[in-house]
C-alpha cells in the first residue's frame with residue numbers, strides 16, 4: 386500500500402503588498418492589496434513504505450511547505466494528500482503517532498532535562514512499552530554509543546551529539562515515516578558519516594520510510610535511492626538517483642582568483658580553454674563575486690586536473706578553490722536540459 | 277491518543293523533571309522568590325501608607341483591602357505557576373521554533389504550557405494563603421465548610437479569568453509581530469484587580485465588570501466573604517464567566533495555532 390499519496394497538491398499564500406515609507410505603512414494598514422504566492426503548485430507523487438526519498442531544491446522552492454502539509458501543520462489549498470490513508474491536517478494527533486520529525490537546527494528534546502528523561506517522557510507520550518523502549522535504546526547504543534550522553538542536559542550537548550539524540554528520539558515510537566530536515570547541517574565529516582549510517586541502518590532494519598530534505602548533496606548521494614527535485618513549487622525531477630548522480634558527481638567548480646583581472650581576462654580564458662580542449666569540453670565560465678571566476682567542469686568530458694594545470698601555467702592565479710556543484714547549479718542544469 | 281488521566285500523569289512527569297533541573301539554579305529561585313515577595317510587600321505598604329492619611333477607601337478598611345489583595349495573590353498563582361510559558365510564546369513564534377509543538381500527538385496548548393513550571397509562584401501562593409488567614413482572623417471572619425468550598429470555587433473562577441487574560445494577550449503573537457505591548461497592557465490592567473470596583477467611576481466599573489472582567493478576579497468574590505449583605509448578584513456568575521472566558525481564550529489560541537504558518541524552513 387502507498388504510504389504517502391499526493392495528487393495535484395497546491396498551497397498558495399496571500400501576502401500583503403507592502404509600500405515604502407511611513408505613508409506606505411499607513412496605507413498598508415487598510416490595504417486589500419494582496420498578491421498570491423504559489424509556494425507549491427500542483428505536485429503529484431507517491432511514496433511507498435521503506436523508501437528513502439531525497440526531497441531537494443533551492444531555497445524557497447516549496448520544500449518546507451510540502452513537508453508542513455505532509456505533517457499536518459498546513460492545510461493544502463487544493464489537491465489530494467493522504468498519509469497512511471488519512472488527511473494529515475484533519476488528523477494531526479493521529480498522524481503524529483506514526484511520524485517522526487527531526488530539524489537540523491532545532492532540537493525537540495527538553496532543553497533543561499537530561500537526555501534520558503526526554504526519552505522517558507516521549508515513551509509516555511507515544512505509549513511505547515518498556516520492552517520496545519529498552520530494545521530501541523540498546524540498538525542505538527550499539528550503533529552510536531549513546532549511553533554516555535544520557536545524563537547530560539540537552540543544552541550541554543554538542544551539535545552532533547544533539548543530532549544523534551534527536552534522531553534517536555524521532556525513531557523511539559517506531560514511526561512509519563520520518564522527516565529529516567537538514568540532519569547534517571553544520572556537522573563535521575566524521576559525525577556526518579555516523580549519522581548517515583545510522584539512518585541507513587534504521588531504514589534497513591525497520592523499513593521506516595524516510596523523507597530527507599537537505600542542501601547537502603553528499604547526504605542525498607549517500608542515502609537516497611530516489612530523488613525528487615522541486616523548484617518554484619513544481620517537481621522538476623522524480624526518479625532514480627543514478628541519473629542525477631552523474632550531475633552531482635561529475636561536476637566540479639573551480640573557483641579562481643586571477644591576477645590583474647579584467648573583462649578581457651574572462652574572454653581570453655574562454656577562448657583559450659576552447660582552443661585547448663575543443664568545442665565539446667563541457668566547461669562553463671562565470672564571474673560570480675567581485676574577484677572570483679567560476680569555472681564549472683564536467684569531469685566526464687574533461688579531467689579537472691588538466692584544466693587546472695592549463696590555467697595555472699597560462700594565467701597568474703592568486704588563489705584557487707575546488708567546490709562541489711551547488712543545489713542551485715544542479716537545478717539550472719536540469720532546466721538547461723541535462724536530464725533530457 | 278492520550279486520555280485526561282494520561283495527560284495529568286504526563287504533566288507530573290514533565291514538571292518533576294523540570295523542577296529537578298531548575299533546582300540547579302538555586303540562586304535564581306531564591307532571588308526571584310525574594311523579589312516576588314518584596315513586590316507584594318510594596319503593594320501592601322502602599323495600602324498602609326494610604327490608610328495612614330485616610331480612614332477608609334470608599335468605605336473599605338485596611339484589613340478588608342488586605343483580604344482582597346490576599347485573595348488576588350492566591351488567584352493569580354495558578355497563572356504564574358502553570359501558564360508561565362505564555363510570556364515566551366512570542367519568541368518561539370518569531371524564531372519559528374513554535375513549529376515543534378505540532379509534531380507530538382498531544383494537545384498543543386498542553387505541550388507548550390507544560391514546558392515551564394514557575395516555582396517562585398509557589399512562594400506567592402504561600403504568602404497569599406498566610407495573608408488571607410491573617411486578615412480573616414483580624415476581621416473576625418468564620419469559615420464553615422460551605423464557605424471554604426465557595427472560596428475554592430471562587431479562587432478557581434478568578435484564576436481562570438487571569439489565565440484567560442494572559443493567554444489571550446499572549447496569543448496575539450500569532451498575528452502581531454511584536455506582541456509585547458499587548459502583554460504589557462494585559463499585565464497593567466490586571467493591577468486594577470485588587471482594588472474595590474466601587475472606587476471606580478461608571479465607565480471603568482462597567483468595563484471592569486463586563487468587558488475586561490477583572491472585577492471577578494478579586495473584588496466580587498472577596499465581597500461575598502467580607503460583606504455578604506452588599507453582594508452583587510454578579511458574584512454568582514463568576515464560575516460561568518471564568519469558564520466562558522477560558523473557552524473563548526482557547527478558541528482564540530486554536531485559531532492562532534491553525535492560522536500560523538511558521539517561518540521559511
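Chains as they are written, first to last, in our numbering: chain S, 386 to 725; chain G, 277 to 541.
Cβ coordinates follow ideal geometry from the N, Cα and C atoms, glycine included.
Just so it is clear, the structure is predicted and the values come from calculations on it, not from any experiment.
How far does the alpha helix (DSSP H) with residue i in it reach, from first residue to last?
i	result
residue 342/G	338-358
residue 400/G	396-414
residue 495/G	495-502
residue 625/S	Not the alpha helix (DSSP H): residue 625/S falls in the beta strand (DSSP E), residues 619-625.
residue 306/G	302-329
residue 590/S	574-591
residue 451/S	448-455
residue 609/S	No alpha helix (DSSP H) holds residue 609/S; DSSP gives it neither H nor E.
residue 458/S	Segment: none, residue 458/S is in no alpha helix (DSSP H) and carries neither H nor E.
residue 292/G	280-298
residue 479/G	478-482
Tell me whether residue i sits in a helix, a strand or coil according to DSSP, three-state version.
i	result
residue 541/G	Since pLDDT at residue 541/G reaches only 39, below the 50 mark, its modelled position is unreliable, and the value read off the structure follows with that caveat. Coil.
residue 646/S	coil
residue 467/S	strand
residue 730/S	Not covered by the structure: residue 730/S. The range shown for chain S is 386 to 725.
residue 453/G	coil
residue 536/G	coil
residue 640/S	strand
residue 382/G	coil
residue 405/S	coil
residue 714/S	helix
residue 333/G	strand
residue 418/S	coil
residue 429/S	strand
residue 473/G	helix
residue 570/S	coil
residue 696/S	helix
residue 596/S	strand
residue 664/S	coil
residue 369/G	helix
Does the beta carbon of residue i fall short of 7 Å from some heavy atom of the ligand GDP?
i	result
residue 395/G	Absence of the ligand GDP is noted for the structure shown, with no ligands found whatsoever.
Could you tell me the boundaries of the beta strand (DSSP E) in which residue i lies?
i	result
residue 390/S	389-401
residue 439/S	437-441
Are the Cβ atoms of residue i and residue j separated by less than 8 Å?
i	j	result
residue 437/S	residue 609/S	yes
residue 617/S	residue 446/S	yes
residue 355/G	residue 316/G	no
residue 338/G	residue 314/G	no
residue 665/S	residue 566/S	no
residue 525/G	residue 440/G	yes
residue 471/S	residue 508/S	no
residue 366/G	residue 449/G	yes
residue 521/G	residue 436/G	yes
residue 443/S	residue 454/S	no
residue 638/S	residue 679/S	yes
residue 413/S	residue 403/S	yes
residue 443/G	residue 533/G	no
residue 513/S	residue 563/S	no
residue 594/S	residue 378/G	no
residue 503/S	residue 481/S	no
residue 607/S	residue 581/S	yes
residue 523/G	residue 343/G	no
residue 499/S	residue 535/S	yes
Name, in chain order, the residues that DSSP records as bridge partners for residue i.
i	result
residue 671/S	679/S
residue 538/S	499/S
residue 423/S	397/S
residue 709/S	637/S
residue 485/S	563/S
residue 439/G	Its beta-bridge partners do not exist; DSSP assigns none.
residue 704/S	642/S
residue 615/S	620/S
Residues within the stretch 355-380 of chain G neighbouring chain S, beta-carbon criterion of under 9 Å: 371, 372, 373, 375, 376, 378, 379, 380
Where the stretch 508-530 of chain G meets chain S: residues whose CB sits under 9 Å from a CB there: Within the stretch 508-530 of chain G, no residue has a Cβ that lies closer than 9 Å to any Cβ of chain S.
Residues of the stretch 534-545 of chain S whose Cβ lies closer than 8 Å to any Cβ of chain G, in chain order: 538
Members of the stretch 488-520 of chain S near chain G, C-beta cut-off 9 Å: 488, 490, 491, 492, 493, 495, 496, 497, 498, 499, 502, 503, 505, 506, 507, 509, 510, 511, 512
Residues from the stretch 599-614 of chain S in contact with chain G, defined by Cβ distance under 8 Å: none
Interface positions of the stretch 389-401 of chain G facing chain S (Cβ-Cβ less than 8 Å), listed along the chain: 391
Residues in the stretch 280-294 of chain G having any Cβ partner in chain S nearer than 8 Å: 282, 285, 286, 289, 290, 293, 294
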